[in-house]
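Visitor:
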Amino acid sequence: TFCFNIALDETLLFIYLLAYSKAYSSFSTKSLVISVISLLGSSFTLASIPPSMNTIKHNLKNAGITTWTFFRWTILSVITSFVVGGVGILFVKGLSLANTFRNAHSHMILALPLAGLLIVFLYKISNFENDRGTNLIISTLHGESQIPFRMAPLIFISTITTHLFGGSAGREGAALQLGGSIGNQIGRCLRLNDDDIRIMVMCGMSAAFSAIFGTPLAAVIFAMEVGSIGILHYAAFVPCMFASLIASTFA
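Take -18 as the starting number for the sequence shown in my numbering and just add one per residue.
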């Protein structure tokens, strides 16, 4: 690897010098051969130097840290995917039953105002009157606030109730809030630090979006980008990918 990196760097330098010499019409085949031999010779000479014991220890330590990080996030992703995926299955089934029942009993829409009052009452007794919805999820990704766990059951019940009585409520925002709330709670229960909790929130959103809509790849990109449009949090890519694919398969 050391030899390859040096050879690659020097090859790029050689290409630059070659282009420069061509621009000034001072290029010859003899100079090309001499340059290639000298570049490869210096590369293999440097690569033949054995690494020191400190370098070996440093590389082994980095390898151990990387392996542990990968294993740790694999476990966390699996836990998140099964928990959020299971809730996603219940959510989709609940919406399906609610829509089927409403279609069979069209007069249910007359009780829609009462359903609205019920939802307001639930939010009031839960001390969640100033619900910011998806904006709260985005604030959490920026480290500006925390998602209360009660958001998950509230959004679950209110969305199904709205569909049952003929109201208009999308599943996209509900999926993000469900997944983000559950992922945040799992991270807090496991006493993760703030950065890891933000990744858990993204894992939860990926798993929920994937389980509900069946689009695992889109769920990963969407969850990584929703906090800052045009900016991807690459540290969350592998955990979100695992959570999304497992949740989609589980659902």
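Just so it is clear, CB atoms sit at the ideal spot from N, CA and C, and this is done for glycine as well.
As the structure is a computational prediction, the values presented were derived from the model and not from experiment.
1. If you run the structure through DSSP and keep just helix, strand and coil, what is His144?
2. Write down every uninterrupted run of the alpha helix (DSSP H) in the region 17 to 96 whose length is 4 residues or greater and which is fully enclosed by it, in chain order.
3. For Ser7, which residues in the same chain have their Cβ closer than 7 Å to its Cβ, ignoring the five residues on either side in sequence?
4. Quick check on DSSP: helix, strand or coil for Arg169?
5. Alpha helix (DSSP H) containing Ile180: first to last residue?
6. Of all the options Leu157, Leu93, Phe51, Thr47, which has the alpha carbon lying nearest to the alpha carbon of Phe190?
7. Quick check on the DSSP output: the alpha helix (DSSP H) that includes Ser229 runs from which residue to which?
8. What are the boundary residues of the alpha helix (DSSP H) that Pro197 is part of?
9. Tell me the rounded alpha-carbon separation between Phe82 and Ala92.
10. Could you work out which residue in Thr50, Ala79, Ala133 is closest to Val65 when comparing CA atoms only?
11. Can you have a look at Arg172 and say buried or exposed, based on whether 16 or more other CB atoms are within 10 angstroms of its CB?
12. Say whether the region 180 to 199 touches the region 221 to 230, bearing in mind that this needs 3 or more beta-carbon pairs closer than 8 Å, one atom from each stretch.
13. Would a C-beta distance cut-off of 8 Å place Ile118 and Gly67 closer than the cut-off?
14. Should Thr50 be labelled buried (16 or more other beta-carbon atoms within 10 Å of its own) or exposed?
Guide: Looking at the coordinates:
1. In this structure, His144 counts as helix in the three-state DSSP scheme.
2. Within the region 17 to 96, complete alpha helix (DSSP H) segments of at least 4 residues are found at 34 to 85, given in chain order.
3. Here Ser7 scores only 48 on pLDDT, less than 50, and its place in the model is too uncertain to base an answer on.
4. Secondary structure of Arg169 (DSSP, three-state): helix.
5. Start and end: 175 to 194.
6. For Phe190, the nearest C-alpha among the options comes from Leu157.
7. Looking at the DSSP string, the run of the alpha helix (DSSP H) that includes Ser229 is 218 to 231.
8. Here the alpha helix (DSSP H) through Pro197 covers 197 to 206.
9. Going from the Cα of Phe82 to the Cα of Ala92 covers about 14 Å.
10. For Val65, the closest of Thr50, Ala79, Ala133 by C-alpha to C-alpha distance is Ala133.
11. By the 10 Å Cβ count, Arg172 comes out exposed.
12. Yes: at least three Cβ pairs fall under 8 Å.
13. Cβ atoms of Ile118 and Gly67: not closer than 8 Å.
14. Label assigned to Thr50: exposed.
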